[in-house]
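Okay, so the sequence shown: first residue is 489 according to my numbering, each after it adds one.
The block underneath contains the structure these notes are about, expressed in structure tokens.
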Amino acid sequence: MIEILTPAEVDKARATGALVGDILQTLKSKSLVGTNLLELDEITRQLIVDAGAESCYVDYAPSFGNGPFGHYVCTAVNDAVLHGMPHDYALADGDLLTLDLAVLLDGIAADAAISFVVGESARAEDLALIDVTQRALAAAIDIAGPDVRVGDLSHAIGQVLGAEGYPINLEFGGHGIGSTMHGDPHVANDGRPGRGYRLRPGLLLALEPWVMADTDVLVTDADGWTLRSSTGCRTAHTEHTIAITETGAEILTLPSR
């Protein structure tokens, strides 16, 4: 189902988005060498509770997962890229960490993800992965607005990712969001312009370019959730929730501070 939010609901989405952005920035500041992924999950739980919000993940049990996710934030390290289940792992210098968070506040959800390098030993190729996902996301947001097609957004993302030679996986991508975390339309990370649903004011989209350095094939961990590159190569993922406005698009998941 495609949801079109009222102006009052979009106001609520702004509050949810700011909360998601703020929690992600707090988690980034806590993601130090030696920090355990389970510590980050507990910090997330407490921040959500303190804000009077609800986790979109802890009870999430889609067909592609292994029962309820059971955690509050996705923590994907190095060759993991999506649905990274927090586990007993202490971050090391140079780890490429992706944090993905979705929260429901006052009935409206928002979803965002950031990738960054832990510590001081950043690899140039890791920074390039992060940069291309950020640029691909910016390219889609720049053209988003009323009467733009979903295919136009997919094409904008794919042009940036493809120009750098990265393979593009089309199994998982962006999505509509509103009263629930995942809704229609699906926004693939590559596509044909001029095709698909025509965007309307009040539509919320979570756009999420992600790449793996040398493959488009995913494998699933024994936990039934964490998706990794099939070759063990590094990965990155950047996501924002945006609202389509009368004149363009507004990013909702920027941190408030």
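Glycine included, every Cβ here is placed at the ideal spot set by N, Cα and C.
- For Glu608, which option in Thr586, Ile602, Leu579 has the closest C-alpha, if you only look at C-alpha atoms? Leu579
- Item | Cβ contact check for the stretch 611-627 and the stretch 529-542: 3 or more pairs under 8 angstroms | no
- Message: Since Ser744 and Gly558 should fall inside the 8 angstroms C-beta cutoff, what is the C-beta to C-beta distance between them, to a whole number of angstroms?
- Response: Rounded, the Cβ-Cβ distance is 29 angstroms, inconsistent with contact.
- Query: Do the stretch 573-588 and the stretch 601-618 touch if we need at least three Cβ pairs shorter than 8 angstroms?
  - Reply: yes
- Query: Buried or exposed: which applies to Glu727, given that a residue is buried once 16 or more other Cβ atoms fall within 10 Å of its Cβ?
  - Reply: buried
- With a threshold of 16 other CB atoms inside 10 Å of the CB of Pro495, please say whether the residue is buried or exposed. The residue in question, Pro495, is exposed, as its Cβ has fewer than 16 Cβ neighbours within 10 Å.
- Would you decide whether Leu706 is buried or exposed? Buried here means 16 or more other CB atoms lie within 10 Å of its CB. Buried.
- Is it the case that the Cβ atoms of Gly595 and Lys518 are separated by a distance below 8 angstroms? Not closer than 8 angstroms, so no.
- Task: Give the DSSP bridge partners of Phe604, in chain order.
- Result: Leu585
- Is the stretch 560-580 in contact with the stretch 706-718, if contact means three or more CB pairs nearer than 8 angstroms? Yes, since at least three Cβ pairs between the stretch 560-580 and the stretch 706-718 fall closer than 8 angstroms, the two stretches touch.
- Message: I'd like the list of long-range same chain contacts for Gly646, defined as Cβ closer than 7 angstroms, with 5 residues on each side in sequence excluded.
- Response: Ile656, Asn677, Asp678, Gly679
- How far does the beta strand (DSSP E) with Asp499 in it reach, from first residue to last? For Asp499, there is no enclosing beta strand (DSSP E); the residue is part of the alpha helix (DSSP H) that begins and ends at 495-518.
- Query: Whose C-beta lies closer than 6 angstroms to the C-beta of Gly690 among residues of the same chain, with five residues either side of it excluded?
  - Reply: Result list for Gly690: Ile492, Leu493, in chain order.
- Item | Thr723 to Thr729 span [Cα, whole Å] | 21 angstroms
- Query: According to the Cβ coordinates, are Leu592 and Cys544 closer than 8 angstroms?
  - Reply: Less than 8 angstroms separates the beta-carbon of Leu592 from that of Cys544.
- Task: Would you give the residue range spanned by the beta strand (DSSP E) that Gly664 belongs to?
- Result: Per DSSP, Gly664 belongs to the beta strand (DSSP E) from 662-664.
- Can you have a look at Ile490 and say buried or exposed, based on whether 16 or more other CB atoms are within 10 angstroms of its CB? exposed
- Task: With DSSP as the reference, label Ala578 as helix, strand or coil.
- Result: strand
- Since Gly671 sits in a beta bridge, which residues does DSSP pair it with? Gly664
- When the Cα atoms are used, what is the spatial distance from Val636 to Ala564? 32 angstroms
- Item | Secondary structure of Val636, DSSP reduced to three states | coil
- Message: I need the boundaries of the beta strand (DSSP E) containing Glu652, first residue and last residue.
- Response: No beta strand (DSSP E) contains Glu652, which DSSP labels as neither H nor E.
- Label Tyr577 either buried or exposed according to how many other C-beta atoms from any shown protein chain fall within 10 Å of its C-beta, with 16 as the threshold for buried. exposed
- DSSP state of His728 mapped onto helix, strand, coil: strand
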